[in-house]
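Residue numbers for the sequence shown, in numbering that gives the first Met the number 0: 0 to 372.
Here is the structure we will look at.
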Amino acid sequence: MSILFDPMKTENMDLKNRFVRSATYDGCADRDGHVTEYQLKLFADLAEGGVGLIITGITHVHSSGQSLLFQNSVATDDVIPGFRRLTAAVHDRGAKIALQLFHGGRESAKFFANKDFQAITPSVLPDDPYFDGESRQMNEDEIWEIIDAYGDAAKRAKKAGFDAVQLHGAHGYLPSQFLSPYTNRREDQWGGVLQNRLRFHQEIYKNIKAKAGKDYPVLIKIGVQDGFPGGLESKEGKVAAKLLAQWGYEALEISLGLRGRSYKETEFRTNVNHLDQEAYYRHWCKAIKSEVDVPTMIVGGLRTYDLMEEVIQKGEADFISLCRPFIREPDIVNQWEKGNRHRATCISCNKCLEALREDGRLECVQAKMDKSS
Ligand SMILES: Cc1cc2nc3c(=O)[nH]c(=O)nc-3n(C[C@H](O)[C@H](O)[C@H](O)COP(=O)(O)O)c2cc1C
């Protein structure tokens, strides 16, 4: 049997294989952020399809952090019953599930445009080519309020039956905005040297553990380099990853920080057509894996089974995290387990993403077009 089907333990969580469904926004919550029937089916299909751990899509921990209309919320207790049904549907089918804790920071500006609220962020930059929209600088009290909201959210997640939470610390959202020297120009205890720019992540971790218990697994998706020059550099990002592991984050998923303008400068690259275009963050993951004592998850353009096997066999990562392949083939892990080790049929066109940005629901648009032609 392939190493990809060996079970693996993080400190407090047993997983049946090495496959993770990387967090994926699905545009299927209701307007109040509750779980819907459509999501129950989506997650049941994924669990049925053989993946070991499913990470939900972005779920805002505080109303100021919402960034899309049909996004799940974990900011209030009324969402717990819906999430209980979701976690039960996944557990009944033998998989585990983690809730992705999210705050958009300045990336919520579009959502709040023409509303009675301004998006919040560590620092406001004049003339920033990487950001359109209005935002304002967070004050000390607001920072603590949001940290508290992460802890409360994790407590709700535990109550709802989630096996773990994952802090979304990548892709230019609020924790990423604190970590990057490009977006964080503060001169107080939250800005300046790396330890200060990571204080937000450290306090969130402590707050969660105090509220959800010391054995409740807290994972992180961490952006270790920004997508454009002048931002966070991988040299510092790697030190950040090491510190997060030392503080107790139980598994690290290695990804991009702030996004640039083109797909090439984002975490969801297009044209992943050849082996040498796959696993585009392999070098970061490998370097970090060799320096931390906690499991790492490699994400970003993995499509070929043999390559995934090689990465795990060589000890460059512990888990294979996939997003777009599961949109097209939710049962791909079962197919691979049965011996059909085809390359994932996802062509990384990002039509799924573009549809979601227009308030559509998660689906493989390309597969639908192929079927109808
Ligand atoms: C439609 C879509 C939705 C996504 N939603 C999220 C999300 O909610 N949270 C997150 O951390 N990453 C999100 N991502 C990024 C993926 O988790 C992943 O990091 C990226 O797509 C690269 O992996 P892949 O090549 O396997 O798709 C999303 C990507 C896509 C295409």
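Built from N, CA and C at the ideal position, the CB exists for glycine as well.
Are there 16 or more other CB atoms within 10 angstroms of the CB of residue i, so buried, or fewer, so exposed?
i           : result
residue 216 : buried
residue 196 : buried
residue 189 : buried
residue 102 : buried
residue 234 : exposed
residue 199 : buried
residue 244 : buried
residue 163 : buried
residue 270 : exposed
residue 165 : buried
residue 275 : exposed
residue 179 : buried
residue 329 : buried
residue 70  : buried
residue 130 : buried
residue 72  : buried
residue 192 : exposed
residue 45  : buried
residue 21  : buried
residue 261 : exposed
residue 307 : buried
residue 226 : buried
Report, in whole angstroms, the separation of the C-beta atoms of residue i and residue j, which I expect to be a contact under 8 Å.
i           : j           : result
residue 97  : residue 108 : Not a contact, Cβ separation roughly 27 Å.
residue 347 : residue 299 : Wrong, their Cβ atoms sit about 10 Å apart, outside the cutoff.
residue 222 : residue 175 : 5 Å
residue 9   : residue 249 : 5 Å
residue 146 : residue 203 : 5 Å
residue 279 : residue 231 : Going by Cβ atoms, the distance from residue 279 to residue 231 rounds to 17 Å, so no, they are not a contact pair.
residue 155 : residue 79  : 6 Å
residue 311 : residue 3   : 6 Å
residue 150 : residue 207 : 5 Å
residue 92  : residue 153 : Not confirmed; about 24 Å, so no contact.
residue 50  : residue 82  : No, residue 50 and residue 82 are not in contact; Cβ-Cβ is about 19 Å, not under 8 Å.
In whole angstroms, give me the CA-to-CA distance for residue i and residue j.
i           : j           : result
residue 281 : residue 372 : 36 Å
residue 322 : residue 219 : 16 Å
residue 161 : residue 353 : 29 Å
residue 0   : residue 338 : 10 Å
residue 318 : residue 335 : 15 Å
residue 314 : residue 288 : 8 Å
residue 238 : residue 187 : 21 Å
residue 236 : residue 343 : 30 Å
residue 113 : residue 134 : 13 Å
residue 331 : residue 86  : 21 Å
residue 302 : residue 268 : 13 Å
residue 167 : residue 99  : 6 Å
residue 169 : residue 66  : 15 Å
residue 55  : residue 38  : 10 Å
residue 25  : residue 229 : 32 Å
residue 172 : residue 105 : 7 Å
residue 224 : residue 257 : 8 Å
residue 111 : residue 64  : 10 Å
residue 15  : residue 53  : 12 Å
residue 373 : residue 12  : Examination of residue 373 is not possible in this model, given that the chain is present from 0 through 372 alone.
residue 356 : residue 292 : 38 Å
residue 185 : residue 136 : 9 Å
residue 286 : residue 295 : 11 Å
residue 88  : residue 350 : 28 Å
residue 128 : residue 264 : 14 Å
Between which two residues does the beta strand (DSSP E) containing residue i stretch?
i           : result
residue 59  : 52-59
residue 297 : 295-298
residue 167 : 163-168
residue 19  : 18-20
Determine the extent of the alpha helix (DSSP H) in which residue i is found, giving its start and end residues.
i           : result
residue 336 : 331-336
residue 320 : Not the alpha helix (DSSP H): residue 320 falls in the beta strand (DSSP E), residues 318-321.
residue 250 : No alpha helix (DSSP H) holds residue 250; DSSP gives it neither H nor E.
residue 356 : 350-356
residue 45  : 36-47
residue 0   : Here residue 0 belongs to no alpha helix (DSSP H), and DSSP marks it neither H nor E.
residue 271 : Unbroken run through residue 271: none, as it is neither H nor E.
residue 178 : 173-178
residue 281 : 281-288
residue 369 : 364-371
residue 375 : The structure shown has nothing for residue 375, since the chain only spans 0 to 372.
Is any non-hydrogen atom of ligand 2 found closer than 7 Å to the C-beta of residue i, if you look at the structure I gave you?
i          : result
residue 56 : Ligand 2 is absent from the structure shown, which contains only ligand 1.
Does chain D have any CB closer than 8 Å to the CB of residue i?
i           : result
residue 370 : Here there is only one protein chain, and chain D is not present.
Sequence ranges, beta strand (DSSP E) only - wholly within the segment 62-147, length at least 3 | 95-101, 118-120, 134-136
Complete alpha helix (DSSP H) runs within the segment 184-260 (minimum length 4 residues, chain order): 193-196, 198-211, 233-246
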